[in-house]
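Going by this note's numbering, the final residue of the sequence shown carries number 614, and the count climbs one at a time with no gaps. For reference, the structure is listed below as C-alpha cells.
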Amino acid sequence: MPIMRIKVVTDSTCNLPYQLIEKHNISIVDLKIIIDGKVFKDSDIGLNEVVEAIKSNRDIKTSQPAVEDFMNVYKKVLEEYDHVISIHLSSKTSGTINAASLAAKTLNVEDRVTIFDSKLTSLAMGFIVLKACELIDKNLDINVIKKEIERYANSIEAYFLVGDLSSLVKGGRVSKLKGNIANFLKVKPIFTAIDGEIDIFKVTLGQKRGIAEMMKLVKERKDKLRDRLLGIVYLNTERIVEKFIKEFGNELKYFTVPTVPSLAVHAGTELFVIIMSLEG
C-alpha cells in the first residue's frame, strides 16, 4: 500500500519562525490586520507598525482569512498531496476554522482535508503544528496521526501576562467587566486558555508578582516538561525573557520568538507568554 502524502496547513498566528516553516514545508494562510480601513496581511506588516498604531489609538482590528484564501491553498496543495491536516487557532476566538471548513466543503474535498481546532494560538498552536509534521515524517497512518495530534494538544499549557487589558477588552477576548475590575484594583491577571477561550488563571498584585507566579508554574512543572522545552513568546518584554533564562539556565531548553502582528493587535504593546507540553 503506497504511503499517503500529507501536508500541514496552518494560519499565521502559529508564531513559527520562517526557517521552520520552510524546513517542514508548511503552508500558511494569513490573517489580516486592518488599520484605519487599510488591509494588511499578517506577513506583510511589521510588528513595530502595529505597536505604534496601538499607541496612537488608531482604529486597528484583525480579520480572519477569507474562504477563498483557504480554497486557493487547498486546491494547490491537493494537486500534489493526498491529504491536508489544517491546524488553526481556537474557533472560540476566531472564525478561521469556519472559513477553512467552508472552503473544504465548497471544493468538495472534506474527505481529503482534516481540520483541527487547536483551541489555542501563537506558539502553543505552533508546537502542535510541529508535532503534526513530526508524525507525518514517520509515515504513520492518518488516523493514528489524528489521535496523536489530539493527545499532544491536550498536553499543552499556556499562560500569559499583558501590559494592560485595554486591547484584550477592545477585541472581545476579555469582558469589559473583568477589564474594569482589574484596572480599578490595579491587579495583574495571569491568563490561560481553557477549552479554547481566554480566562483568568490567577490574579496577582502587579507585574513583579505576576512574573514570580509564572516562574513558580514552570518550577512546579519542569520535571514533566516534554524534551525539557519551554516555549516563550514576547513583545517588549525581553527583560522578562532574560529573567526566566537566568533563573532556569541549562535545566531547560528554550524556544523564544516575538509575537506575530495579528496577536499584538489583541494583546497590546506588551506581552509575555510561556508554553509547556507536559508528559503523562
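Glycine included, C-beta positions come from ideal geometry on N, C-alpha and C. Model, not experiment: these values are computed from the prediction.
Is the separation between the beta-carbon of residue i and that of residue j shorter than 8 Å?
i, j, result
"isoleucine 490", "alanine 458", "yes"
"methionine 610", "leucine 569", "no"
"leucine 423", "threonine 347", "yes"
"tyrosine 486", "phenylalanine 525", "no"
"asparagine 349", "valine 591", "yes"
"phenylalanine 582", "isoleucine 566", "no"
"valine 447", "tyrosine 408", "yes"
"valine 411", "leucine 436", "no"
"glycine 602", "serine 452", "no"
"glycine 505", "lysine 522", "no"
"leucine 612", "phenylalanine 589", "no"
"aspartate 557", "lysine 587", "no"
"serine 596", "leucine 365", "yes"
"isoleucine 483", "leucine 474", "no"
"alanine 434", "serine 420", "yes"
"isoleucine 479", "alanine 466", "yes"
"arginine 507", "threonine 427", "yes"
"leucine 454", "methionine 405", "no"
"lysine 520", "isoleucine 534", "no"
"methionine 548", "leucine 495", "yes"
Is it buried or exposed, residue i, if we count other Cβ atoms within 10 angstroms and call 16 or more buried?
i, result
"asparagine 584", "exposed"
"proline 399", "buried"
"aspartate 403", "buried"
"alanine 546", "exposed"
"lysine 481", "exposed"
"isoleucine 394", "buried"
"serine 456", "buried"
"valine 342", "buried"
"valine 373", "exposed"
"isoleucine 379", "buried"
"isoleucine 360", "buried"
Mapping the DSSP letters down to three states, classify residue i as helix, strand or coil.
i, result
"lysine 504", "helix"
"serine 346", "helix"
"serine 435", "helix"
"lysine 366", "strand"
"valine 599", "helix"
"leucine 441", "coil"
"lysine 357", "helix"
"serine 390", "coil"
"leucine 423", "coil"
"valine 594", "coil"
"leucine 381", "helix"
By how many angstroms is the C-alpha of residue j removed from the C-alpha of residue i?
i, j, result
"isoleucine 368", "lysine 375", "9 Å"
"alanine 527", "phenylalanine 606", "14 Å"
"isoleucine 362", "threonine 344", "5 Å"
"phenylalanine 461", "lysine 536", "24 Å"
"lysine 550", "threonine 571", "18 Å"
"isoleucine 340", "asparagine 391", "44 Å"
"aspartate 370", "glutamate 604", "22 Å"
"isoleucine 608", "glycine 544", "12 Å"
"glutamate 531", "alanine 387", "26 Å"
"aspartate 445", "valine 418", "10 Å"
"glutamate 413", "alanine 598", "35 Å"
"valine 503", "isoleucine 431", "22 Å"
"isoleucine 449", "isoleucine 574", "35 Å"
"histidine 600", "aspartate 529", "19 Å"
"threonine 396", "leucine 354", "25 Å"
"serine 425", "valine 443", "21 Å"
"glycine 614", "asparagine 488", "11 Å"
"leucine 381", "glutamate 576", "20 Å"
"valine 384", "serine 377", "12 Å"
"glutamate 356", "isoleucine 337", "22 Å"
"glycine 429", "threonine 593", "20 Å"
Legend entry - Runs of alpha helix (DSSP H) wholly within the stretch 507-583 (minimum 4 residues, chain order): 510-519, 541-555 and 572-582
Legend entry - Runs of alpha helix (DSSP H) lying entirely within the stretch 397-421, each at least 4 residues, in chain order: 401-412
Inset, instruction - Counting only runs of 3+ residues fully inside the stretch 444-513, write out the beta strand (DSSP E) ranges in chain order. - result: 447-451 and 490-496
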